[in-house]
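Novice: Using my numbering, you'd call the opening residue of the sequence shown number 447 and step up by one each time. For each residue, glycine too, the CB sits at the ideal point set by N, CA and C. Computed from a predicted model, the values in this text were never measured in an experiment.
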Amino acid sequence: MRKKTGLLLLMGLLFVGLVQAQTAFHDFKVTDIDGKEFALSSLKGKKVLVVNVASKCGLTPQYAKLQELYEKYGNKDFVIIGFPANNFAGQEPGTDAEIREFCTKNYGVTFPIMSKIDVTGESKAPLYKWLTEQARNGKMDAEVTWNFQKFMIDENGNWVDFVAPKEDPFCDKIVQWIEK
Numbered sequence: 447m448r449k450k451t452g453l454l455l456l457m458g459l460l461f462v463g464l465v466q467a468q469t470a471f472h473d474f475k476v477t478d479i480d481g482k483e484f485a486l487s488s489l490k491g492k493k494v495l496v497v498n499v500a501s502k503c504g505l506t507p508q509y510a511k512l513q514e515l516y517e518k519y520g521n522k523d524f525v526i527i528g529f530p531a532n533n534f535a536g537q538e539p540g541t542d543a544e545i546r547e548f549c550t551k552n553y554g555v556t557f558p559i560m561s562k563i564d565v566t567g568e569s570k571a572p573l574y575k576w577l578t579e580q581a582r583n584g585k586m587d588a589e590v591t592w593n594f595q596k597f598m599i600d601e602n603g604n605w606v607d608f609v610a611p612k613e614d615p616f617c618d619k620i621v622q623w624i625e626k
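#1: If you run the structure through DSSP and keep just helix, strand and coil, what is Asp473?
#2: Measure the C-alpha to C-alpha separation of Val465 and Glu568 and round it to an integer number of angstroms.
#3: Can you tell me whether Val525 is helix, strand or coil according to DSSP?
#4: In chain order, what residues of the same chain lie with their CB nearer than 6 Å to the CB of Lys585, ignoring the 5 residues before and after it?
#5: Could you tell me if Ser487 is buried or exposed, where buried requires 16 or more neighbouring beta carbons within 10 angstroms of its beta carbon?
#6: According to DSSP, is Val621 part of a helix, a strand, or is it coil?
#7: Pro539: buried (16+ other C-beta within 10 angstroms of its C-beta) or exposed?
#8: Contact check, Ile563 vs Gly528 under 8 Å by CB: the rounded distance?
#9: Could you spell out the range, first to last residue, of the alpha helix (DSSP H) harbouring Asp614?
#10: Report the rounded CA-to-CA distance for Val525 versus Gly536, giving the unit in angstroms.
#11: Enumerated in chain order, which unbroken segments of the alpha helix (DSSP H) with a length of 4 residues or greater are wholly contained in the stretch 507-554?
#12: Do three or more CB pairs link the stretch 510-526 to the stretch 476-487 at distances below 8 Å?
#13: If you draw a straight line from the alpha carbon of Glu517 to that of Val609, how long is it in whole angstroms?
#14: Closest to Lys418 by C-alpha separation, out of Pro615, Pro611, Lys619, Gly603, would be which residue?
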């Protein structure tokens, strides 16, 4: 019985270790819109606003506000990262090249945009599993409910909070967090 209990305990610890292997934002690597690996560890020391974006959504004009926010605070150890996703009503159908062109041409986006990913469902990207699951981020569950949900990550890669999709990028919660 002791051997069986010990084995079960060891297996449980290994499982917990696997789940907790990526405990901070900076542990992840993603792919940018140009197909290059982007290590989120390169953002150590910066506050990061992670936003799932879409080009054909009623909230798409938020790109302009996000760019304005980036221009205002980007020199203060703050960055925005956009993750295009086609998970809501097919509102991001384009290829990475089309998305890059759309963002640049229509909104003058200069903040980093990553390659299109899934932010919900069976193929949810590992980063978004971390962003949305308390068991992984250590703070709370925060399922993505629509395009333009905003996640706040501190300078050390810790999950801080999130803001609902319809909230303006210049809402008090985000601005106060950046400025403190």
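Specialist: According to the structure data:
#1: Walking along the sequence shown from the start, residue 473 turns up at place 27. It is helical.
#2: Residue 465 sits at position 19 when you count from the first residue of the sequence shown. Residue 568 sits at position 122 when you count from the first residue of the sequence shown. In this predicted model, Val465 has a pLDDT of only 45, less than 50, meaning its place in the structure is not dependable; the value taken from the coordinates is given anyway. Cα-Cα distance, rounded: 17 Å.
#3: Position 79 of the sequence shown, counted from the start, is the residue given in the question as residue 525. Secondary structure at Val525: strand, using DSSP grouped into helix, strand and coil.
#4: The residue you call residue 585 lines up with position 139 of the sequence shown. Counting only Cβ-Cβ distances below 6 Å, and skipping sequence neighbours, we find Trp605.
#5: Numbered from its first residue, the sequence shown carries residue 487 at position 41. Classification for Ser487: exposed.
#6: In the sequence shown, the residue the question calls residue 621 occupies position 175. Val621: helix per DSSP, three-state reduction.
#7: The residue you call residue 539 lines up with position 93 of the sequence shown. Exposed is the call here.
#8: Within the sequence shown, the letter at position 117 stands for residue 563. Within the sequence shown, the letter at position 82 stands for residue 528. 11 Å between Cβ atoms; not a contact.
#9: Locating residue 614 in the sequence shown gives position 168, counting from the first residue. Note, Asp614: premise wrong, no alpha helix (DSSP H); not H, not E.
#10: Position 79 of the sequence shown, counted from the start, is the residue given in the question as residue 525. Position 90 of the sequence shown, counted from the start, is the residue given in the question as residue 536. Those two C-alpha atoms are separated by around 27 Å.
#11: 508-519, 542-553
#12: The stretch 510-526 is not in contact with the stretch 476-487.
#13: The count along the sequence shown starts at 1 and reaches residue 517 at position 71. The count along the sequence shown starts at 1 and reaches residue 609 at position 163. When rounded, the distance between both Cα atoms is 20 Å.
#14: Outside the modelled stretch of the chain, which goes from 447 to 626, sits residue 418, for which no answer is possible.
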